[in-house]
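Here's the structure we're looking at; comments come further down.
In mature numbering (1 follows the signal peptide of the UniProt record, and there is no 0), the protein residues as written are -20 to -1, 1 to 309.
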């Protein structure tokens, strides 16, 4: 079993003869980074219990041996997002039949040996293999021994195995050992060293981000993290007659000390609500903030309401996004 990839026992991840030739990878998910999917976790480069990604950040967890491509919510997963082969090769092994379900403290031990969930391993030759984990039950379109081309669908993003949110866990292996496609061959303790193995057209899209906004929007009442994850927070569109107007944002990979500020502006451009949160006490894989107001007598004035979400890090802006909604009777 590989560290960080529980449940890949029996999937054929054996060491192969060494070779010097590199590989070029396509995005293994049919999505757009920063819009319809996001990088939640990178590979851990620190052999100690601490986490250190290839840029000396902490976007991941101890022992994480791949890259997590996360969908924004469960509605996106249920709509269907394809997992595709990152390079030409032959399917070495598969696992199917693991149900899609959020892992809990009660179920983690039970599913630890199939933690990778529904999975595909592709052999690309020259010692290179790729593994694709947590795919949706019943979605695999390939079987062992089949030749596949880069970009060919092999399944869909799911929630199988040890996972708490819909994503693809993607691992690149060289001669049986996980390597980081963002920093192949990087010297130990380096920050930003090594070679990217992603194809040239992906370099800008996959550039390292100091956190990202996963969800944003407006609701006519209170918002919870559960509703945002389910994709139901925006199902009811606020109107001038709504009992409240609430702007919300959920961000990922924030750092301890970050300050989140969400300001809501009325049609006249003046602020009507603001939430300036306390500095984060530690690094956060995800964090939610909202700001809202009740209507004045007679209801909200019609027009464009804007919200600005801002993250300040060390006194400087790290993230800023604006979004809006037009209120109608």
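We put the CB at the ideal spot given by N, CA and C, even for glycine.
Residue 292 carries a strand assignment under DSSP once its states are collapsed to helix, strand and coil. Your pair residue 138 and residue 80 checks out as a contact, with CB atoms roughly 5 Å apart and the cut at 8 Å. Taking a contact as a CB-CB distance under 8 Å, the pair residue 197 and residue 214 counts as one, their CB atoms being some 4 Å apart. Taken through DSSP and simplified to helix, strand or coil, residue 88 comes out as helix. Rounded to whole angstroms, residue 232 and residue 156 show a C-alpha spacing of 31 Å. Annotation: residue 99 to residue 112 spans about 5 Å, alpha carbon to alpha carbon. Residue 135 and residue 63 do touch by the CB rule: their CB atoms are close to 5 Å apart, below 8 Å.
In the assembly as shown, residue 48 is a buried residue. Its beta-carbon has 16 or more other beta-carbons within 10 Å. With contact defined as three or more Cβ pairs closer than 8 Å, the segment 50 to 69 and the segment 87 to 98 are not in contact. The C-beta separation of residue 103 from residue 72 comes to about 4 Å, placing the pair in contact by the 8 Å criterion. Between residue 274 and residue 131, the CB-CB gap reaches or exceeds 8 Å. Here the segment 199 to 207 makes no contact with the segment 11 to 26; the two share fewer than three CB pairs at distances below 8 Å. Per the C-alpha coordinates, the member of 283, 242, 252, 122 positioned closest to residue 258 is 242.
Note: residue 9 is bridge-paired with 63 in the DSSP secondary-structure output.
For residue 128 and residue 284, the gap between their C-alpha atoms comes out near 49 Å. Residue 4 has its alpha-carbon roughly 13 Å from the corresponding atom of residue 106. Taken atom to atom, the span from the alpha-carbon of residue 278 to that of residue 305 is near 19 Å. Judged by DSSP secondary structure, residue 208 falls outside any beta strand (DSSP E) and instead within the alpha helix (DSSP H) spanning 205 to 210. The alpha-carbon of residue 159 is positioned some 8 Å away from that of residue 46. For residue 287, the CB contacts under 6 Å within the same chain, skipping 5 residues up- and downstream, are 227, 244, 303 in chain order.
CA-to-CA, the gap between residue 282 and residue 246 works out to about 9 Å. By the CB criterion at 8 Å, residue 252 and residue 229 fall outside the cutoff.
Comparing alpha carbon positions, the residue from 195, 161, 152, 119 closest to residue 77 is 119.
Annotation for residue 297: 290 place their beta carbon closer than 7 Å to its own, counting only its chain and skipping 5 residues before and after. Straight across, the Cα-Cα distance linking residue 125 with residue 69 is about 10 Å.
Per DSSP, the continuous beta strand (DSSP E) segment holding residue 195 begins and ends at 192 to 199. Taking C-beta atoms as the reference points, residue 38 and residue 263 count as a pair closer than 8 Å. Residue 48: member of the beta strand (DSSP E) spanning 47 to 50, first to last residue.
DSSP places residue 58 within a helical segment (H, G or I) once states are collapsed to three.
Taken through DSSP and simplified to helix, strand or coil, residue 116 comes out as coil. For residue 135, the enclosing beta strand (DSSP E) has its first and last residue at 133 to 136.
The C-beta of residue 154 has 16 or more other C-beta atoms within 10 Å across all chains shown, which makes the residue buried. Taking all protein chains shown into account, residue 202 has fewer than 16 neighbouring C-beta atoms within 10 Å of its C-beta and is therefore exposed. Residue 32 and residue 162 have their alpha carbons spaced roughly 13 Å apart.
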